[in-house]
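The structure under discussion appears below in the form of structure tokens.
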Amino acid sequence: MKVRDILRVKGNTLYAISPDEPLSRAIETMSEKDIGSLVVMEHSDVVGMLTFREVIQALVKSGAATMQVRSAMDDAPLTCTLETEMDEVRRMMLDRHARYMPVMDKRMLMGVISFYDVAKAVVDSQNFENKMLKAYIRDWPEGERQG
């Protein structure tokens with residue numbers, strides 16, 4: 001399974017913000033859209049990721065929501081490509097405690113996958129394999145079944 005498979009199901013709606021926007025605007029957007037992250041874009045380049053984790057940490061540190069997104073974002077976000085294997089994505093996200101990852105094709109943003117998306121894909125894949133195994137065993141000739 002590849003990242004491309006998750007994005008095909010998830011769709012291609014993206015939410016982005018400029019690093020110079022007020023943090024309060026980012027919080028409004030995240031709240032209105034019921035999303036946990038924004039891709040931070042500057043001159044068509046991905047320059048960071050802003051998640052609720054960074055928002056909360058920035059607010060605790062400063063006590064105010066008047067700062068710019070630039071001061072709260074992760075400016076070195078993990079990224080993957082459409083061809084990245086899911087096992088590698090899982091490892092990367094777990095190692096960095098990342099909940100969201102931009103999917104890139106060279107410098108073009110193709111989507112964002114969440115840890116939830118990855119976990120769901122793994123569970124769906126396992127469920128499919130289990131169904132296939134059960135169907136295979138069910139279809140064995142009666143005299144060849146064991147246990």
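Note that UniProt numbering numbers the sequence shown so that position 101 is 101, with each residue one more than the last.
Where is the CB? At the ideal position from N, CA and C, for every residue including glycine.
Figure out for me which residue from the options has the closest Cα to the Cα of residue i.
i, options, result
"D5", "Y136, D117, Q126, R138", "D117"
"S37", "M101, R138, K134", "M101"
"R8", "I137, A121, Q57", "A121"
What are the boundary residues of the beta strand (DSSP E) that includes residue i?
i, result
"I35", "Here I35 belongs to no beta strand (DSSP E), and DSSP marks it neither H nor E."
"residue 161", "Absent from the structure is residue 161, since the part of the chain shown begins at 1 and ends at 147."
"S62", "Per DSSP, S62 belongs to no beta strand (DSSP E); it is in the alpha helix (DSSP H), 52-62."
Taking the DSSP output, what are the residues bridged to residue i?
i, result
"E42", "D45"
"M108", "D105"
In angstroms, rounded to a whole number, what distance separates the CA positions of residue i and residue j?
i, j, result
"M93", "H43", "27 Å"
"L133", "V69", "49 Å"
Which residue comes first and which comes last in the alpha helix (DSSP H) that contains residue i?
i, result
"L133", "115-138"
"R90", "86-96"
"K10", "3-10"
ask   = Does the pairing of the segment 52-72 with the segment 105-124 give three or more beta-carbon distances under 8 Å?
value = no
Next item on the list: Spell out a yes or no on whether the segment 79-88 and the segment 23-33 are touching, meaning 3 or more CB-CB pairs, one atom from each, closer than 8 Å.
Entry: no
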